[in-house]
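Participant:
Numbering (my numbering), first residue to last: 30 to 173.
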């Protein structure tokens with residue numbers, strides 16, 4: 030596991046990044062590490078819970094749909110005083126996420142529906158080839 034961590038003194042910006050295996054175990058570890066780092070940053074418990082759900086979905090999708098044998102996924106967290114951004118990068122840039130409407134009795138296919146429900150914004154960035162990054166953002170101080 031390769032990780033990077035930085036905090037810019039006085040700026041209120043914090044960053045964390047780690048490479049993980051593109052497996053279900055790597056996805057579980059992504060959720061665990063995100064939760065632990067966000068706790069050390071002093072984020073509100075509600076934001077940590079929301080982030081845990083989002084990271085779990087993004088990492089699970091990367092491990093399931095973006096997996097290439099021998100290639101890792103990358104989890105990155107970026108926090109400012111106003112926004113928390115979670116990113117998961119995989120190496121299947123040609124396989125873009127699609128929001129689906131699964132059958133009511135289906136046991137899978139709701140990941141992006143959950144991401145839409147929990148995130149204030151989400152999207153996909155391509156590159157550099159062959160990568161794609163799926164990201165979600167949560168406002169830490171919701172507007173009234």
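Positions of the beta carbon are idealized from the N, C-alpha and C atoms, including for glycine. The model shown is predicted, which means the values in this text are computed figures rather than measured ones.
What's the gap between the Cα of residue 170 and the Cα of residue 107?
Facilitator: As a first step, residue 170 must be located in the chain shown, where it is residue number 141. As a first step, residue 107 must be located in the chain shown, where it is residue number 78. Their backbone Cα atoms lie some 15 Å apart in a straight line.
Participant: Three or more C-beta pairs under 8 Å: does that hold for the segment 41–48 against the segment 73–93?
Facilitator: In short, these stretches do not touch, since the Cβ pair count stays below three.
Participant: Keeping to the same chain, check which residues put their C-beta closer than 6 Å to that of residue 56; ignore five residues upstream and five downstream.
Facilitator: Counting from 1 along the chain shown, the entry for residue 56 is found at position 27. Correct list, in chain order: 88, 89, 92.
Participant: Can you say whether residue 101 is buried or exposed, counting buried as having 16 or more other CB atoms within 10 angstroms of its CB?
Facilitator: Counting from one through the chain shown, the residue named residue 101 turns up at place 72. Classification of residue 101: buried, given that the 10 Å Cβ count is 16 or more.
Participant: Got a sec, what are the start and stop residues for the beta strand (DSSP E) residue 58 sits in?
Facilitator: Position 29 of the chain shown, counted from the start, is the residue given in the question as residue 58. Not the beta strand (DSSP E): residue 58 falls in the alpha helix (DSSP H), residues 53–69.
Participant: Excluding the five sequence neighbours on either side, which residues of its own chain have a C-beta within less than 6 Å of the C-beta of residue 79, listed in chain order?
Facilitator: For this step, residue 79 is matched to residue 50 along the chain shown. Correct list, in chain order: 147, 167.
Participant: Between which two residues does the alpha helix (DSSP H) harbouring residue 94 extend?
Facilitator: As a first step, residue 94 must be located in the chain shown, where it is residue number 65. Where residue 94 is concerned, the enclosing alpha helix (DSSP H) stretches over 74–94.
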